[in-house]
Amino acid sequence: MKVVLCGPSHSGKSCLREGLKQVIQGLHRKGQAPYPFFITACPDGEGSWYAETVRRDPVLAEKLKKNYKSKFTWKFAQKVANDVQNTSLSFNLIDVGGRIDDKNRLIMQYATHAVILSRDVNLVPEWEQFCSELKLKTIAILQSDLEGVEDKLETEIPILKGSIHGLKRGEDVSTRPMVQKLAEVLVRLSQEV
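First residue of the sequence shown: 1, per the UniProt record's numbering; consecutive thereafter.
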């Protein structure tokens, strides 16, 4: 299973990825989930290392992010697309950039499922269309509510829908109800394929 975390930029995808990583790796350590492999498919300088570093030393994290940030080139997109296509692990989460473009199309074409996270509900339909064109099964559509004070669950079936509040860099979001629910859905799906 290859799931892309997609949606407009500045929606909190990297924060969501980190929260999911913590939850799913915890389940894996208990023998309740397959090993989750995470691919950072955007050269924004916010790889898996970033969330932990920003919690410990925000100044260092920002300095390193500037050093690691690079242009989203075709060479980078092709390398990541090859990684997505050729991964042999059964449970993969791919954090893609926040644009609907040919580079993300190249990367996402090898995925099987999508989770759409958007700060603006009006932008969701274009991401649904993009995922549909790539024949990705959308399993969750979530609104990122930066100023919210609680998560909201709207529906679980056939698509998980709701909102996640306060996806802020450096905060542990792994205990948020929607992060927990999405992790549950992802683990269940990974065990069905």
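Don't be surprised by glycine CBs; every beta carbon is placed ideally from N, CA and C.
Return the CA-CA distance between residue i and residue j, expressed in angstroms with no decimal places.
{"i": "Leu117", "j": "Val173", "result": "15 Å"}
{"i": "Leu106", "j": "Gln32", "result": "32 Å"}
{"i": "Gly148", "j": "Leu167", "result": "10 Å"}
{"i": "Leu182", "j": "Ser190", "result": "12 Å"}
{"i": "Glu46", "j": "Leu89", "result": "Only weak support is given to the placement of Glu46: the predicted model assigns it a pLDDT of 49, under 50, and the question is left unresolved by the model."}
{"i": "Val21", "j": "Phe91", "result": "As written in the sequence, residue 21 is Lys, which differs from the Val given in the question. Taking the straight line joining both Cα atoms gives about 12 Å."}
{"i": "residue 196", "j": "Asp145", "result": "Outside the shown range of the chain, which is 1 to 193, sits residue 196, and nothing can be said about it."}
{"i": "Ser9", "j": "Arg99", "result": "7 Å"}
{"i": "Val124", "j": "Asp151", "result": "18 Å"}
{"i": "residue 261", "j": "Tyr35", "result": "Here the chain has residues from 1 to 193 only, and residue 261 is not among them."}
{"i": "Phe130", "j": "Lys71", "result": "22 Å"}
{"i": "Glu133", "j": "Arg29", "result": "36 Å"}
{"i": "Asn104", "j": "Ala77", "result": "7 Å"}
Among the options, which one has its Cα closest to the Cα of residue i?
{"i": "Lys2", "options": "Pro43, Lys75, Leu93 and Glu154", "result": "Leu93"}
{"i": "Arg169", "options": "Val4, Gln78 and Arg17", "result": "Arg17"}
{"i": "Val80", "options": "Trp127, Cys42 and Leu182", "result": "Cys42"}
{"i": "Val187", "options": "Ala111, Leu27 and Gln129", "result": "Leu27"}
{"i": "Gln85", "options": "Tyr110, Glu126, Pro8 and Trp74", "result": "Tyr110"}
Is the Cβ-Cβ distance between residue i and residue j less than 8 Å?
{"i": "Val185", "j": "Ile164", "result": "no"}
{"i": "Arg119", "j": "Ser14", "result": "no"}
{"i": "Val96", "j": "Met108", "result": "yes"}
{"i": "Asp83", "j": "Ile24", "result": "no"}
{"i": "Ile159", "j": "Ile139", "result": "yes"}
{"i": "Glu171", "j": "Lys161", "result": "no"}
{"i": "Thr87", "j": "Phe37", "result": "yes"}
{"i": "Ala114", "j": "Leu142", "result": "no"}
{"i": "Gly19", "j": "Trp127", "result": "no"}
Where DSSP assigns a beta bridge to residue i, which residues make up the other side?
{"i": "Cys6", "result": "Ile116"}
{"i": "Phe37", "result": "Asn92"}
{"i": "Ala140", "result": "Val115 and Leu160"}
{"i": "Thr155", "result": "Lys161"}
{"i": "Asp145", "result": "His165"}
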